[in-house]
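Below: one structure, written as structure tokens.
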């Protein structure tokens, strides 16, 4: 009886020992698992966070870089465009100003090289309407090429003297006096019979500082406004 009881006590003690050990092992396993899981989770989280951060940083950097690049590009483009526009504008303005200065405003500078006193002329066309007051002036531009000039208005280039409207000679003092006489000024008012394109001719009448070359400045105003002149004939012999 005592032996049996002792055996039972030993068995209970052994079983209790097994239970304690098993619990410990489970506790250790849980702790290890939790630690490993936490470590792995932290590592994975850090890796994912780093990857996400890098990706976001790259994306943000690219976006900022693109925005800065676009802004710089736009600024450079605008600056270049403004510079080019200013340069083009200046060049166009100079070209237009030169052309306008030759054609109107200050008049047209020209030369006649057919020989002094022969009757060669330069002829220009311009437009008028009924009632326009037209003033034509021919002046000298240099002492060496000054001449006694004449000026005429007519409606038909093929028949200048047959369709002459008005003419002038010796009406005002030339800027550069010719050997003799003065410079011409013609004043005429457009009529209903003579409108549209008409012609103004400037020529020498036989007294020249240079027998081979005559230089002049021709100005025409219509209603007090400088007319736009178009060269219709150069060194033409008026007959």
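In this note's numbering, the protein residues as written are 11 to 249. All residues carry an ideal CB built from backbone N, CA and C; glycine is no exception.
*Near residue 141, which residues of its chain fall below 8 angstroms by C-beta distance, leaving aside the five closest residues on each side in sequence?*
By 1-based counting over the chain shown, the position of residue 141 is 131. The answer, listed in chain order, is 199 and 200.
*Using beta-carbon positions only, say whether residue 159 and residue 126 come within less than 8 angstroms of one another.*
The sequence position of residue 159 within the chain shown is 149, counting from 1. The sequence position of residue 126 within the chain shown is 116, counting from 1. Judged by their CB atoms, residue 159 and residue 126 are not nearer to each other than the 8 angstroms cut-off.
*Under 8 angstroms by Cβ, that's how I've got residue 178 and residue 161 pegged, so tell me the actual separation to the nearest angstrom.*
Sequence index remark: in the chain shown, residue 178 carries index 168 (1-based). Sequence index remark: in the chain shown, residue 161 carries index 151 (1-based). With 8 angstroms as the limit, residue 178 and residue 161 qualify as a contact, their Cβ atoms being about 5 angstroms apart.
_Cut-off 8 angstroms between Cβ atoms - residues of its own chain near residue 242, not counting five sequence neighbours on either side_ = Translated into positions along the chain shown, residue 242 becomes position 232. Only 133, 134, 135, 167 and 209 meet the Cβ criterion.
*Is the beta carbon of residue 215 less than 8 angstroms from the beta carbon of residue 122?*
Translated into the one-based positions of the chain shown, residue 215 becomes position 205. Translated into the one-based positions of the chain shown, residue 122 becomes position 112. Taking 8 angstroms as the cut-off, the beta carbon of residue 215 is found no closer than this to the beta carbon of residue 122.
*Which residue spans inside the stretch 127–195 form an unbroken alpha helix (DSSP H) run of at least 4?*
If we require 4 residues or more, the stretch 127–195 turns out to have no alpha helix (DSSP H) run fully inside it.
*Pull up the DSSP beta-bridge partners for residue 210, would you.*
For this step, residue 210 is matched to residue 200 along the chain shown. DSSP lists 134 and 163 as partners of residue 210.
*Reduced DSSP category for residue 205 - H, G, I as helix; E, B as strand; rest coil*: In the chain shown, residue 205 corresponds to position 195, counting from 1. Assignment of residue 205 by DSSP, reduced to helix, strand and coil, places it in the coil class.
*If we count the other Cβ atoms within 10 Å of its Cβ and call it buried at 16 or more, is residue 99 buried or exposed?*
As a first step, residue 99 must be located in the chain shown, where it is residue number 89. The pLDDT assigned to residue 99 is 40, lower than 50, so where the model puts this residue is not dependable, and the model offers no usable value.
*asked:* Can you tell me which residues form a DSSP beta bridge with residue 249?
replied: Residue 249 sits at position 239 when you count from the first residue of the chain shown. BP columns for residue 249 are empty, so no partner.
*Whole-angstrom distance between residue 230 and residue 195, CA atom to CA atom*: Along the chain shown, read from residue 1 onward, the residue named residue 195 stands at position 185. Along the chain shown, read from residue 1 onward, the residue named residue 230 stands at position 220. For residue 195 and residue 230, the distance between alpha carbons rounds to 10 angstroms.
_Sub-8 angstroms separation of residue 220 and residue 119 beta-carbons_ = Counting from one through the chain shown, the residue named residue 220 turns up at place 210. Counting from one through the chain shown, the residue named residue 119 turns up at place 109. With contacts defined as CB atoms closer than 8 angstroms, residue 220 and residue 119 fail to qualify as a contacting pair.
*Got a sec? Which residues, its chain only, sit under 6 angstroms from residue 248 by beta carbon, not counting five neighbours each side?*
Here residue 248 corresponds to residue number 238 of the chain shown, with the count starting at 1. Only 129, 131 and 170 meet the Cβ criterion.
*Considering residue 225, what are the terminal residues of the beta strand (DSSP E) in which it resides?*
What you label residue 225 is simply residue 215 of the chain shown in a count that begins at 1. First-last of the beta strand (DSSP E) with residue 225: 224–232.
*What does a CB cutoff of less than 7 angstroms around residue 233 pick up in its chain, not counting 5 residues either side in sequence?*
Start at 1 with the first residue of the chain shown, and residue 233 comes out as number 223. Answer for residue 233: 142 and 143, listed in chain order.
*Relative to the C-alpha of residue 176, which residue among 197, 152, 186 and 204 is closest?*
As a first step, residue 176 is located in the chain shown; it is residue number 166 there, counting from the start. Relative to the Cα of residue 176, the nearest Cα in the group 197, 152, 186 and 204 belongs to 197.
*asked:* Output needed for residue 237: all residues of its chain with C-beta closer than 7 angstroms, excluding positions within five of it in sequence on either side, in chain order.
replied: The count along the chain shown starts at 1 and reaches residue 237 at position 227. By the criterion of a C-beta distance shorter than 7 angstroms, residue 237 is surrounded in its chain by 114, 136, 230 and 231, once the five residues flanking it on both sides are discounted.
_Other residues of its chain near residue 174: CB distance less than 8 angstroms, five sequence neighbours each side excluded_ = Residue 174 sits at position 164 when you count from the first residue of the chain shown. Taking residue 174 as the centre and dropping the five residues before and after it, the same chain places the C-beta of 162, 163 and 164 closer than 8 angstroms to its C-beta, in chain order.
*For residue 117, name the three-state secondary structure that DSSP assigns.*
The count along the chain shown starts at 1 and reaches residue 117 at position 107. Note: residue 117 maps to coil in three-state DSSP.
*asked:* Looking only at its chain, what residues have a beta carbon closer than 8 angstroms to the beta carbon of residue 151, apart from the 5 residues adjacent to it on each side?
replied: Counting from 1 along the chain shown, the entry for residue 151 is found at position 141. For residue 151, the CB contacts under 8 angstroms within the same chain, skipping 5 residues up- and downstream, are 119, 185, 186, 225, 226 and 227 in chain order.
*Alpha carbon to alpha carbon, how far is residue 148 from residue 189? Give it in angstroms, no decimals.*
Here the question's residue 189 lines up with position 179 in the chain shown. Here the question's residue 148 lines up with position 138 in the chain shown. Using only the alpha carbons, I get a separation of about 16 angstroms.
*CB residue 205 to CB residue 146, shorter than 8 angstroms?*
Counting from 1 along the chain shown, the entry for residue 205 is found at position 195. Counting from 1 along the chain shown, the entry for residue 146 is found at position 136. No; because the gap between Cβ atoms is not below 8 angstroms, this pair is not in contact.
*Once you ignore the five residues that flank residue 104 on each side, which residues in its own chain have a CB closer than 6 angstroms to its CB?*
Within the chain shown, the letter at position 94 stands for residue 104. The pLDDT assigned to residue 104 is 41, lower than 50, so where the model puts this residue is not dependable, and the model offers no usable value.
_Option in 182, 183 and 211 with minimal Cα separation from residue 246_ = Along the chain shown, read from residue 1 onward, the residue named residue 246 stands at position 236. Considering only 182, 183 and 211, the residue with the shortest C-alpha distance to residue 246 is 211.
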